[in-house]
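S.K.:
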Amino acid sequence: MMHPVESGRGHVRESFAAVLLWDVRWGSMKIWSDVAILLVIIGAMSVTAGTQSAAQAVDADAYHKDWSVFVDGGDCWIATGPVLSTDSQVEPSTELRRSDARLFVRYLADGRPSEITFKHRYLFEAGQRVFATIETDAYDFAFLYGNEAFGEDMAYLESEAAQFSLLLQMIRGSEMELRVWSPDESVTTDHFSLQGFAAAMLDVESRCKQ
0 MMHPVESGRG
10 HVRESFAAVL
20 LWDVRWGSMK
30 IWSDVAILLV
40 IIGAMSVTAG
50 TQSAAQAVDA
60 DAYHKDWSVF
70 VDGGDCWIAT
80 GPVLSTDSQV
90 EPSTELRRSD
100 ARLFVRYLAD
110 GRPSEITFKH
120 RYLFEAGQRV
130 FATIETDAYD
140 FAFLYGNEAF
150 GEDMAYLESE
160 AAQFSLLLQM
170 IRGSEMELRV
180 WSPDESVTTD
190 HFSLQGFAAA
200 MLDVESRCKQ
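Residue numbering for the sequence shown follows numbering that gives the first Met the number 0, beginning at 0 and increasing consecutively.
1) Express the C-alpha separation of V68 and L201 in angstroms, rounding to a whole number.
2) Using the Cβ count rule (16 or more neighbours within 10 Å means buried), how would you classify Q88?
3) To which residues does DSSP link T79 through a beta bridge?
4) Beta-carbon separation of D136 and S164 under 9 Å?
5) Using only the alpha-carbon positions, how far apart do A78 and D183 sit?
6) Go through its chain and collect everything with a Cβ distance to D33's Cβ below 6 Å, but skip five positions before and after it.
7) Identify which residue in D71, H63, M175, Y121 has its Cα closest to the Cα of S181.
8) Short of 7 Å in beta carbon distance, which residues of its chain neighbour L193, apart from the five on each side in sequence? Order them along the chain.
9) Ordered along the chain, which non-local residues of its own chain (more than five positions away) have a Cβ less than 7 Å from that of E157?
10) Start and end of the alpha helix (DSSP H) containing L167?
11) Taking DSSP as the reference, what is the three-state secondary structure of L177?
See the structure below:
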């Protein structure tokens, strides 16, 4: 049976809700119960007021556990900060400033999969690599100009197929690790909670779907 977001040519349709329900009902690697589906849908419909996030220049429109929903004109996205950040060159008991790193998922209403972006707390340097891991699945991020960084602090997934695959894993998982590897073998690790991710995506889609 064809996945609801795939056409015969491999293009991706726009409904995140369809992705979520297909993943639940037709059973990928992890099966959700009907109760879990109901809780996700109910959670997506409820909007909780909150205070302005210090890490954002725009007020959040809604909060779903660890994820915030933002709508600013024609731009729609959800975001979260790490729950734990460590650096292999720093004492193990010392945490980095978590608010300086962010994980964004920009909603695209034109049929492409939502765009996942990682904002680092530092400018990336030549030779560094960025990897996202959920359980045993790993994804390689790239930079604006390809595999080498040029004084930027943002990293992206290279293809729509990778975006779609990681989005599915984010629905199923509970935590994602983002590691920045440097040529000197130092590693910066950010742990991002995925609690509320599915509800936040359903919410932003309902607000911004054309």
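For each residue, glycine too, the CB sits at the ideal point set by N, CA and C.
M.R.: Quick answer:
1) Distance between the alpha carbons of L201 and V68: 10 Å.
2) Exposure of Q88 is indicated by the presence of fewer than 16 other C-beta atoms within 10 angstroms of its C-beta.
3) Beta bridge pairing from DSSP links T79 with L102.
4) Yes; because the gap between Cβ atoms is below 9 Å, this pair is in contact.
5) Approximately 30 Å between the Cα atoms of the pair.
6) Since pLDDT at D33 reaches only 36, below the 50 mark, its modelled position is unreliable, and no value is offered.
7) Out of D71, H63, M175, Y121, Y121 has the C-alpha closest to the C-alpha of S181.
8) Within the same chain, Cβ atoms closer than 7 Å to the Cβ of L193 are found at M169, G172, S173, E174, M175, the five residues on either side in sequence being excluded.
9) The residues are A141.
10) Note, L167: alpha helix (DSSP H), 159 to 171.
11) In this structure, DSSP gives L177 an extended state, which the three-state scheme calls strand.
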